[in-house]
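Reviewing the structure listed below.
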Amino acid sequence: MDFDLTEEHLILRETVRRFAQQEIEPRVSSMDRDETFDEYLWKKGAELGFVGMGISTEYGGSFSDHVSLGVMAEEVSRIDPGVAVVFGAHTVLCGNNIERNGTDDQKRRYLPLLASGSRRGCMGITEPEAGSDALSIRTRARRDGSVYVLNGSKMFISNAPIADTALIYAATDPSRGHGGLSAFIVEKEFPGYHRGKSLSKLGLRSSPTGEIILEDCIVPEENLLGGAQGNGLSIMFSGLDVERILWSCQAVGIAGAAFDAALKYARERRQFSQPLITFQMIQDKLANMLVEIEAARLMAYKGLACLDQKRKRQTRMIAAQVKLYACEMVNRVTSEALQIHGGYGYMKEFPLERYLRDGRAYAIGAGTSEIQKLIIGGYLMA
């Protein structure tokens, strides 16, 4: 069992780290303040191959393995996890999903455009009345000759305000329950597709989030993902496994940045004529933070390895475990990091308050902590 990254992964990490520090970091404050995504980062990310990292080289992407995706997610999130969400929603939730589940024709038509960044992707599962209960989707797809007519809406969708191509889940046969769910590739140019309002968030403010409205949206039959009705549930669950593990890598990145800031401050800040780090209560906090981050990172990379080894059952279990642990961990670590900074941590001029705001999303998105416990409990009863 090798716990070290390969030479290729180390080179990638350094490349991503340099991109994040040189290109993202100078823009973090303005993107957070204005709740905007800087388009320059998309252009630069496309040039470096980051927006195509979930898509194989056969279609113009730069995918090598899931560990590489995890490296990118963690490193970008150390600087701004909102940017990691933009890239991930595009290349993984949309592009990688199409590659894993689409027909050859669908792959040829969409993947090169997504890999190059000339079109941007998103995925629509969540609805106003279907969040944790994702199988209660109310969006309907009715067959009408050679097209499907979609009606419904999607809510809290990452990249919705900027996406050109959306992977939309809809019920094609509600009478079949779970077996009546299907997925569609929907272009923003299709009649009846509307970008709804953009949503203002507590954190991850550089990640555009919004709603998608489908009003008699006309989707050609050749855009039914995989070419068959009723396979939406398996597509959804396999995609959620990938999303949850990478979401956890982002949480590790945020926590790592918060820890580094707290450690630096504890070494430099003096109280009672000595550095903060000499006080055992501060050492206790830092030690717990470090152990939790390392434990979450090991779990996340185990999940990435399971994805690469195609160990389906083990992947689903570890995805739920690391999603639960890492995404609760980031809240504990960012809170403790702010506490170590005292009053300064509460000030906007320090990044701790942003780490706290950004980190709070992770126990909610991609399946709440409570849902992960239900998944784990189900496996224990099996």
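Per the numbering used here: the sequence shown = residues 25 to 406. From the three backbone atoms N, C-alpha and C, an ideal C-beta is built for every residue, glycine too. Given the structure is predicted, the values throughout are model-derived calculations rather than measurements.
Measure the CB-CB distance between residue i and residue j and report whether it falls below 8 Å.
| i | j | result |
| --- | --- | --- |
| Met96 | Phe61 | no |
| Ala285 | Leu310 | no |
| Glu71 | Tyr172 | no |
| Gly391 | Leu228 | no |
| Leu174 | Val243 | yes |
| Arg144 | Ala187 | yes |
| Pro136 | Tyr83 | yes |
| Gly94 | Gly85 | no |
| Arg164 | Ala195 | yes |
| Val346 | Ser393 | no |
| Val52 | Asp104 | yes |
| Gly204 | Gly251 | no |
| Gly216 | Cys241 | yes |
Can you tell me the Cα-Cα spacing of residue i and residue j, whole angstroms?
| i | j | result |
| --- | --- | --- |
| Lys19 | Leu362 | Past the edges of the chain, shown from 25 to 406, lies residue 19, and the structure says nothing about it. |
| Ile259 | Met353 | 29 Å |
| Gln423 | Gly383 | In this structure the chain extends from 25 to 406, so residue 423 is not present and cannot be described. |
| Glu98 | Arg37 | 9 Å |
| Gly69 | Ser142 | 12 Å |
| Val116 | Leu398 | 25 Å |
| Ile364 | Ile209 | 47 Å |
| Arg335 | Gly327 | 10 Å |
| Arg162 | Ile48 | 38 Å |
| Lys225 | Arg381 | 9 Å |
| Gly367 | Pro152 | 38 Å |
| Thr81 | Ile122 | 14 Å |
| Val91 | Met25 | 15 Å |
| Ala154 | Ser160 | 6 Å |
Which of the three DSSP states, helix, strand or coil, is assigned to residue i?
| i | result |
| --- | --- |
| Thr30 | coil |
| Arg22 | Absent from the model: residue 22. The displayed extent of the chain is 25 to 406, so no value can be given. |
| Met179 | strand |
| Ala194 | strand |
| Leu226 | coil |
| Tyr39 | Note that residue 39 corresponds to Thr in the displayed sequence, not to Tyr. Correct three-state label for Thr39: helix. |
| Pro244 | strand |
| Ile209 | strand |
| Lys221 | strand |
| Ser80 | strand |
| Ala154 | strand |
| Gly169 | coil |
Using C-beta distances below 6 Å, list every residue in its chain close to residue i, excluding the 5 sequence neighbours before and after it, in chain order.
| i | result |
| --- | --- |
| Tyr379 | Ile278, Ala282 and Thr358 |
| Gly148 | Lys178, Ile181, Ala190, Ile192 and Ile236 |
| Tyr386 | Ala275, Cys351 and Val354 |
| Val40 | Met96 and Glu99 |
| Ser170 | Glu245 |
Excluding five sequence neighbours on each side, which residues of the same chain lie with their C-beta closer than 8 Å to the C-beta of residue i?
| i | result |
| --- | --- |
| Leu264 | Ala343, Ala390 and Gly391 |
Is the shortest distance between the beta-carbon of residue i and the beta-carbons of chain D less than 8 Å?
| i | result |
| --- | --- |
| Asn175 | Absent here is chain D; the protein component of the structure consists of one chain. |
Beta-carbon within less than 7 Å of residue i's beta-carbon, same chain only, minus the 5 sequence neighbours each way: which residues are those?
| i | result |
| --- | --- |
| Leu270 | Leu93, Gly94, Ala97, Gly112 and Val116 |
Legend entry - Stretch-stretch touch, CB-based, cutoff 8 Å, three pairs: the segment 270-279 with the segment 314-323: Contact holds between the segment 270-279 and the segment 314-323, because three or more Cβ pairs, one in each stretch, are under 8 Å apart.
Legend entry - the segment 227-234 touching the segment 290-299, judged by at least three CB pairs closer than 8 Å: No, the segment 227-234 is not in contact with the segment 290-299.
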